[in-house]
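Residue numbers (full-length UniProt numbering): 1 to 385.
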Amino acid sequence: MAASTLAKLDSLSLRIAESAPLKTHKYFRVAVPQALTGQTLVAFLQELMAFDDPADALHLATLLLQHGYLFPVIEHSLVVKDDNTLYRLQLPYFWPSHATHTDNVEYAIYLNKRLMRNEQRHGLEEDEVEAYNKLLELLGHMWGFITVQAEMQLKMQKEKKKSDKVVYDSEERAFWRTRRPGQANCLEQHVQKIEKKLRKCTAAGYKKELERLRFSLKTKPWLKALKASETMVSWCEQFHDYDPFITAPQPSNPWISDDITLWVLNTDSVEVPTERRVKRWGLSVQELVRDPIGRQVLETFLESEFSSENIRFWMAIQELKFASNENVDEKAQRIYEEFLATGAPCQVNVDSRTLENTLKCLNDETVARRHAFSPAEEHVFTLDE
Numbered sequence: 001m002a003a004s005t006l007a008k009l010d011s012l013s014l015r016i017a018e019s020a021p022l023k024t025h026k027y028f029r030v031a032v033p034q035a036l037t038g039q040t041l042v043a044f045l046q047e048l049m050a051f052d053d054p055a056d057a058l059h060l061a062t063l064l065l066q067h068g069y070l071f072p073v074i075e076h077s078l079v080v081k082d083d084n085t086l087y088r089l090q091l092p093y094f095w096p097s098h099a100t101h102t103d104n105v106e107y108a109i110y111l112n113k114r115l116m117r118n119e120q121r122h123g124l125e126e127d128e129v130e131a132y133n134k135l136l137e138l139l140g141h142m143w144g145f146i147t148v149q150a151e152m153q154l155k156m157q158k159e160k161k162k163s164d165k166v167v168y169d170s171e172e173r174a175f176w177r178t179r180r181p182g183q184a185n186c187l188e189q190h191v192q193k194i195e196k197k198l199r200k201c202t203a204a205g206y207k208k209e210l211e212r213l214r215f216s217l218k219t220k221p222w223l224k225a226l227k228a229s230e231t232m233v234s235w236c237e238q239f240h241d242y243d244p245f246i247t248a249p250q251p252s253n254p255w256i257s258d259d260i261t262l263w264v265l266n267t268d269s270v271e272v273p274t275e276r277r278v279k280r281w282g283l284s285v286q287e288l289v290r291d292p293i294g295r296q297v298l299e300t301f302l303e304s305e306f307s308s309e310n311i312r313f314w315m316a317i318q319e320l321k322f323a324s325n326e327n328v329d330e331k332a333q334r335i336y337e338e339f340l341a342t343g344a345p346c347q348v349n350v351d352s353r354t355l356e357n358t359l360k361c362l363n364d365e366t367v368a369r370r371h372a373f374s375p376a377e378e379h380v381f382t383l384d385e
């Protein structure tokens with residue numbers, strides 16, 4: 001995070017510390033010194049920063065909490081609540097502008113110090129026990145130094161007053177809860193921001209940018225985007241009546257009404273398709289061939305036109321695309337022999353250029369065989385349209 005941002009947060013935190021109404025609160029007969037409620041904090045920030053909306057003050061308080069300038073006293077949370085939840089301002093020593101980096105040795109000293117104290121009050125949580133065991137294995141060669149440092153810090157802390165010890169314990173625990181080594185925190189910069197700083201502006205880079213802008217002036221991509229948006233709107237209007245989220249289905253949704261009439265009328269084996277289903281076939285050939293009954297109708301029509309091999313060729317390619325890897329070569333060879341080879345029993349009507357491109361794809365090892373018939377498939381599909 002930029003130093004200027006931390007400096008602004010430091011300045012704001014100092015203003016809060018100088019004039020915030022901190023006092024001792026009672027929580028289930030337990031005295032909580034130097035704290036203020038979330039409601040008081042939000043109202044104070046709104047007045048201090050002259051915010052019109054309390055939501056802005058609440059958002060700012062949450063940012064201060066996440067950056068380690070204040071912390072909840074009782075319940076751990078990363079969001080400030082506008083109620084009677086108690087919060088405490090963090091000690092400036094633990095501010096991110098001062099404690100810029102944390103390492104494993106400091107964290108190990110802190111955990112060791114906790115273990116030397118009353119287990120009921122200062123015992124480690126599950127994640128802290130796991131971290132302690134990892135650090136013990138990682139820093140075993142210097143564990144004697146860590147233990148001595150923990151004993152010295154604990155001895156200095158015992159000389160403080162009881163109320164000061166309670167406050168300092170909560171401040172230290174809140175700091176390590178958000179700044180634990182190896183744990184992501186809000187002070188880290190996003191990798192994209194770091195990469196952006198590493199890029200140098202060179203003459204070649206500027207030339208490339210100029211070429212891109214010149215190409216944009218020629219191709220006018222904004223017009224293509226406009227056309228694409230118009231096409232999308234038109235497509236959505238066409239399928240408006242077939243979207244159950246927008247238009248209630250008729251008959252009713254079986255999942256809501258427990259009436260399965262809708263499923264019965266739209267099965268793949270129904271004798272007479274519904275009017276709604278037939279109208280959908282008229283939207284495009286894709287909708288027609290996607291429906292099993294629609295494919296049967298199209299195949300019957302093509303048989304009357306003596307070109308039923310086109311739809312069978314298309315269906316064979318769809319089956320090839322979703323076939324298992326071990327069957328791809330066999331199915332591809334069968335499709336070629338049945339529909340494309342010279343003298344094939346069901347030879348499809350493709351021009352010489354399309355046939356040449358298809359054969360080239362079949363023999364090209366860099367092209368997946370399940371997609372080798374794409375040129376012929378596109379040509380035949382265009383003929384059917």
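The beta-carbon is built from N, C-alpha and C at its ideal position, and this holds for glycine as well.
Sorted by chain position, which residues of the same chain lie with C-beta nearer than 7 Å to L139's C-beta, five sequence neighbours on each side aside?
-> Around L139: N104, V105, A108, I146.
Assign T358 to one of two classes, buried (16 or more other C-beta atoms within 10 Å of its C-beta) or exposed (fewer than that).
-> buried
Is E337 near the ligand FAD, with its Cβ less than 8 Å from a heavy atom?
-> As presented, the structure is devoid of all ligands, the ligand FAD included, so that no description of it is given.
Roughly how many whole angstroms lie between the Cα atoms of E195 and A203?
-> For E195, the predicted model reports a pLDDT of 49, less than 50, meaning its position is unreliable and no value from the coordinates is stated.
Endpoints, alpha helix (DSSP H) assigned at T178 | 162–178
Option nearest S13 by Cα separation, candidates T62, Q286, G343 = T62
Output the distance between the C-alpha atoms of R114 and L124, rounded to the nearest integer angstrom.
-> Spanning the two alpha carbons is a distance of roughly 7 Å.
What alpha helix (DSSP H) runs, 4 residues minimum, are completely inside the UniProt domain "DEP" (16–91)?
-> 38–49, 54–66
Determine the extent of the alpha helix (DSSP H) in which M315 is found, giving its start and end residues.
-> 309–321
Return helix, strand or coil for N325, following the three-state DSSP convention.
-> Look at N325 here: in three-state DSSP terms it is helix.
CB-CB length for P96 against L6, believed under 8 Å | 6 Å
Check whether the stretch 39–54 touches the stretch 77–88, taking contact to mean three or more Cβ pairs, one atom from each stretch, closer than 8 Å.
-> yes
Can you name, in chain order, every residue of its own chain whose Cβ lies under 6 Å from the Cβ of D82, other than the five neighbours on each side?
-> Hits under 6 Å: G38, Q39, V42, L58.
With distances taken Cα to Cα, identify the nearest neighbour of A17 among S4, T24, A35.
-> Out of S4, T24, A35, A35 has the C-alpha closest to the C-alpha of A17.
What is the DSSP secondary structure of K224, counted as helix, strand or coil?
-> If DSSP states are grouped into helix, strand and coil, K224 belongs with the helices.
Assign C346 to one of three DSSP states: helix, strand, or coil.
-> Looking at C346 - three-state DSSP - the assignment turns out to be coil, as it is neither helix nor strand.
Relative to the C-alpha of D169, which residue among H240, C361, L154 is closest?
-> L154
Per-residue DSSP class, three states only, for F301 | The three-state secondary structure of F301, taken from DSSP, is helix.
Exposed or buried, what is A376 when buried is set at 16 or more other beta-carbons lying within 10 Å of its beta-carbon?
-> buried
Would you mind working out which of E326, N325, E356, N310 sits nearest F339, comparing C-alpha positions?
-> N310
Determine the DSSP secondary structure at R117, reduced to helix, strand or coil.
-> coil
Mind reading off the beta-carbon distance from L60 to L45? Whole number of angstroms is fine, and I expect it under 8 Å.
-> 6 Å
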